[in-house]
Amino acid sequence: MTKRWFGLSLCALIALLSYLVLTIPASQLIRACAASNIVCSFTRSDGTVWDGRWSGVTIARNNQGVRLSSVGWHVSLLSLISLKPELRLEVESDQGKISALIVQQGEQFIVTDVLADLTVVQPMFSAQVVVNAPYVLADLSGVQQVDDARVGVFDLRVNTGNSVLEAGAFSAVANGTNEAIEVQVRDGGGPIGASGDCRLFVPNYECSLLIDISRLSDDNIRRGLESVASPLGNGQYQFDVAGRF
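Letter by letter, the sequence shown follows residues 45 to 289 of this note's numbering.
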């Protein structure tokens, strides 16, 4: 009887502890931010630390921050047994959505299945950007390695100051390390052709592109492009741009 009572009591205690651990409110993750020297705040918290969502989020580190509409996550409890925590993350902001599967290995993170659909607005251009990245290596200081990330750029509009060029669609492939991410730009068959290379030194970027408008006969576009690019003849222009995201 004593052994049976002890066994039942132990099972009840384990069940209670499991319940308490599994139902830790998502708001308690604020402590993890502090432990990582990251400043986090939110206006609403739902779910648990294992499966939850923050809304109205502000995240900052080293005096650089970002505001997000929501951050949602799901932790695979089975992955904790192998000491390689697996996290499904979904982020939404005014610019769009990003989702990814993140696996921790020591102090680094392997990020796979990255899908992003973003609206990028910069002083000289705006575009809809879709990203599909099969492998990214990162740590708390930022991205360390990117392999074969596919980038699609749609509805690209370039502001020349006097007019807006409807440049159309382009595709790109990104590879690189924390020193620089190399992006090869390819013509996507839009009204304005473009090819060349961009280098990302997050949060900075620089691009050197060959622009081809031989498929167009609009003099306004030609004059507008000449105000921001160097003519090479035969409807081609050299376009160099640099800036900060």
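Backbone N, C-alpha and C define an ideal beta-carbon position, used for all residues, glycine too.
Just so you know, these numbers come straight off a predicted model, no measurement behind them.
Proximity below 8 Å, CB of residue i to CB of residue j
{"i": "Ile211", "j": "Leu200", "result": "The question names Ile, but residue 211 is Ala in the sequence shown. It is a contact, given that the beta carbons lie within the stated cut-off."}
{"i": "Phe86", "j": "Val101", "result": "yes"}
{"i": "Ile11", "j": "Ile74", "result": "Residue coverage of the chain in this structure runs from 45 to 289, which leaves residue 11 outside it and unanswerable."}
{"i": "Phe198", "j": "Ala171", "result": "yes"}
{"i": "Gly220", "j": "Val195", "result": "no"}
{"i": "Ala160", "j": "Val174", "result": "yes"}
{"i": "Leu209", "j": "Leu269", "result": "yes"}
{"i": "Ala218", "j": "Glu250", "result": "no"}
{"i": "Leu169", "j": "Asn206", "result": "For the record, residue 169 in the displayed sequence is Phe; it is not Leu. No, these two residues do not count as a Cβ contact at 8 Å."}
Coarse secondary structure for residue i, derived from DSSP in three states
{"i": "Gln72", "result": "helix"}
{"i": "Ser89", "result": "strand"}
{"i": "Ser126", "result": "coil"}
{"i": "Leu269", "result": "helix"}
{"i": "Ser62", "result": "For Ser62, the predicted structure reports a pLDDT of 45, less than 50, and the residue's modelled location is therefore unreliable. A value from the coordinates is still provided. Three-state DSSP puts Ser62 in a helix."}
{"i": "Ala224", "result": "coil"}
{"i": "Asp138", "result": "coil"}
{"i": "Leu121", "result": "helix"}
{"i": "Ala286", "result": "strand"}
{"i": "Lys47", "result": "Its pLDDT being 47, under 50, Lys47 is placed unreliably by the model, and the measurement read from it follows with that caveat. It is helical."}
Closer than 8 Å to chain D by CB, residue i
{"i": "Leu269", "result": "Absent from the structure: chain D. Only one protein chain is present."}
Length of the line joining the Cα atoms of residue i and residue j
{"i": "Ala273", "j": "Pro235", "result": "17 Å"}
{"i": "Tyr179", "j": "Ile146", "result": "10 Å"}
{"i": "Asp284", "j": "Ser143", "result": "32 Å"}
{"i": "Gly240", "j": "Ser71", "result": "46 Å"}
{"i": "Arg105", "j": "Gly91", "result": "25 Å"}
{"i": "Phe245", "j": "Leu184", "result": "16 Å"}
{"i": "Ser114", "j": "Trp98", "result": "5 Å"}
{"i": "Val155", "j": "Asp263", "result": "46 Å"}
{"i": "Pro167", "j": "Ile225", "result": "22 Å"}
{"i": "Arg132", "j": "Ala213", "result": "30 Å"}
{"i": "Ser80", "j": "Gln108", "result": "15 Å"}
{"i": "Trp117", "j": "Val93", "result": "8 Å"}
{"i": "Gly277", "j": "Arg230", "result": "20 Å"}
{"i": "Cys242", "j": "Ser252", "result": "6 Å"}
{"i": "Val187", "j": "Asn176", "result": "15 Å"}
{"i": "Pro247", "j": "Glu130", "result": "27 Å"}
{"i": "Asp157", "j": "Arg288", "result": "26 Å"}
{"i": "Gln149", "j": "Asp95", "result": "21 Å"}
{"i": "Asp256", "j": "Tyr281", "result": "6 Å"}
{"i": "Val165", "j": "Glu134", "result": "21 Å"}
{"i": "Arg88", "j": "Leu162", "result": "24 Å"}
{"i": "Cys84", "j": "Lys141", "result": "19 Å"}
Proximity test, residue i beta-carbon vs the ligand PLP heavy atom, cut-off 7 Å
{"i": "Ile154", "result": "This structure simply doesn't include the ligand PLP, nor any ligand for that matter."}
8 Å contact criterion, which residue i and residue j should meet: CB distance rounded
{"i": "Ala182", "j": "Gln152", "result": "7 Å"}
{"i": "Glu136", "j": "Leu121", "result": "Contact flag wrong, Cβ pair sits at about 25 Å."}
{"i": "Gly279", "j": "Ser258", "result": "3 Å"}
Every unbroken beta strand (DSSP E) inside the segment 136–192 [3 residues or more]: Inside the segment 136–192, DSSP marks whole beta strand (DSSP E) runs of 3 or more residues at positions 140–149, 152–165, 169–177, 179–183, from first to last along the chain.
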